[in-house]
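Remarks on the structure that follows.
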Amino acid sequence: MTTERTDTDLEARLRATAPPSGRFDVAAFLERADADGLVDVAWTRVDSPIGPLWAAATDLGLLTVGFGEPDHGLDDIARKVSPRIVELPRRLDLARRELDEYFEGRRRHFDLVLDRRMSRGFRAEVLRALELVDFGETVSYIDLAQRVGNPKASRAVGTAMATNPLPIVVPCHRVLRTGGALGGYGGGLDAKRWLLAHEGVEPPRR
Amino acid sequence: MSLPPFQRVLDEHADALHRHVRALVGPNDADDVTQEVLIAALRAYPDLRDDSNVRGWLWTIARHKAIDRHRHAERRPKTVPLDGAGPAGRPGSEGDDELWEAVRRLPDGQRVAVALRFVDDLPYREIAAAIGCSEGAARQRVHDGITALRGEVLT
């Protein structure tokens, strides 16, 4: 009997005094993980005049830019590139700096090395052609289709724009409908309008 | 099947892992050992075949790292901890240092069962799954751990 009561008291004492959560220093762990070469993909948040962005990079270069929260984007990267992806801003210092410079009007062309693994086949070709469209220029979906030698593929070009893993850097915002209507934009039409205005493009009719 | 991003593993489990590790190895070594567990996990992550119980997987790594740490500590000459966290504990220190030091001195099987029961608050069925034994065996380990503690720490 006494034993049982002591056990119950002891159990209550264990429960009541279980060590509390300390703050675990994730930053120190991440630095070590990076030093040990275990971080295949690093991501970070980026502030911008068109709302919160996030970006991810590998050793090869900038992999993705996204709008808003990264959740589904990180899943995508885990599936297509590697699940060893953690938040490590330092690895994206250069990308963040170039994006800041672009938004502040001090940079018109990105010098960043890109990791283009997130798009393949026809979409990758379209995005390559898109990289040649300069700051302040625009092109239509049909134009772009013609530039990759497939003039009937303007809808596929539209899909390539919608699935562009590197918006802003690979400038899908510079693609408009024939006649100048805005078309679509993954980051929202307000963002597209802002970017075009920022680049001095005449506001489209719609 | 593809694995969730490791970021998610961190977000979901790092704090609870740290708390569990602290019960196994104490406050002075908890940060180090938690880091070792997560480094080992990150290294092995791409080869993880079954992501249905990542927590169990992490806790298993933690158990091995805790055993390693205790083995290593036994070989070191005994030193007085600088922060004064000796048997008397520090005034105002949280919890019951004497009791939890006794937990850390338990043999590995009882120690981890006690931690799973009283720190992670797991039902016996889940303790059994975490340790890899039957539910009855899990109950027995917790009971044996309590018995051993009772002998060490008089109420």
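Protein chains in written order, with the working numbering: chain A, 7 to 212; chain B, 298 to 452. By construction, the Cβ of each residue, glycine as well, lies at the ideal position given by its N, Cα and C atoms.
With a cut-off of 7 Å, does the C-beta of residue i fall near any C-beta of chain A?
{"i": "L403 of chain B", "result": "no"}
{"i": "T357 of chain B", "result": "no"}
{"i": "V416 of chain B", "result": "yes"}
{"i": "R447 of chain B", "result": "yes"}
Would you say residue i and residue j are within 7 Å of each other, going by their C-beta atoms?
{"i": "T331 of chain B", "j": "F30 of chain A", "result": "yes"}
{"i": "E137 of chain A", "j": "V176 of chain A", "result": "yes"}
{"i": "T50 of chain A", "j": "P95 of chain A", "result": "yes"}
{"i": "E104 of chain A", "j": "F116 of chain A", "result": "yes"}
{"i": "R129 of chain A", "j": "A166 of chain A", "result": "yes"}
{"i": "P171 of chain A", "j": "L300 of chain B", "result": "no"}
{"i": "E432 of chain B", "j": "R422 of chain B", "result": "yes"}
First and last residue of the alpha helix (DSSP H) that includes residue i?
{"i": "G406 of chain B", "result": "D405 to F415"}
{"i": "G79 of chain A", "result": "D77 to K86"}
{"i": "A313 of chain B", "result": "F303 to V322"}
{"i": "G72 of chain A", "result": "First-last for G72 of chain A: L68 to F73, but that is the beta strand (DSSP E), not the alpha helix (DSSP H)."}
{"i": "I428 of chain B", "result": "Y421 to I428"}
{"i": "G192 of chain A", "result": "Element bounds for G192 of chain A: n/a, residue is neither H nor E."}
Using the three-state DSSP reduction, which class does residue i fall into: helix, strand or coil?
{"i": "G381 of chain B", "result": "With a pLDDT of only 47 at G381 of chain B, under 50, the local geometry of the prediction cannot be trusted, and no value is derived from it."}
{"i": "S160 of chain A", "result": "helix"}
{"i": "V176 of chain A", "result": "coil"}
{"i": "G186 of chain A", "result": "coil"}
{"i": "T50 of chain A", "result": "strand"}
{"i": "G127 of chain A", "result": "helix"}
{"i": "L16 of chain A", "result": "helix"}
{"i": "V400 of chain B", "result": "helix"}
{"i": "S27 of chain A", "result": "coil"}
{"i": "L118 of chain A", "result": "coil"}
{"i": "V132 of chain A", "result": "helix"}
{"i": "V450 of chain B", "result": "coil"}
{"i": "V146 of chain A", "result": "The identity of residue 146 of chain A in the sequence shown is Ser, whereas the question assumes Val. Residue state, collapsed to three classes: strand."}
Could you give the first and the last residue of the continuous beta strand (DSSP E) run that contains residue i?
{"i": "V92 of chain A", "result": "I91 to E93"}
{"i": "G43 of chain A", "result": "Element bounds for G43 of chain A: n/a, residue is neither H nor E."}
{"i": "L59 of chain A", "result": "L59 to A63"}
Within 10 Å of its beta-carbon, does residue i have 16 or more other beta-carbons around it, so buried, or fewer, so exposed?
{"i": "L335 of chain B", "result": "buried"}
{"i": "K158 of chain A", "result": "exposed"}
{"i": "S349 of chain B", "result": "exposed"}
{"i": "P384 of chain B", "result": "Per-residue confidence for P384 of chain B stands at a pLDDT of 46, beneath the threshold of 50, marking its modelled position as unreliable; the derived number appears in the next sentence. Under this definition P384 of chain B is an exposed residue."}
{"i": "S54 of chain A", "result": "buried"}
{"i": "D189 of chain A", "result": "The sequence shown places Gly at residue 189 of chain A, rather than the Asp named in the question. G189 of chain A is buried by the Cβ-count criterion."}
So which residues of chain C does residue i contact, with C-beta pairs closer than 7 Å?
{"i": "E93 of chain A", "result": "No chain C appears in the structure shown, which is made up of the protein chains A and B."}
Any heavy atom of the ligand ATP closer than 6 Å to the beta-carbon of residue i?
{"i": "W356 of chain B", "result": "The model depicted lacks the ligand ATP and carries no ligand whatsoever."}
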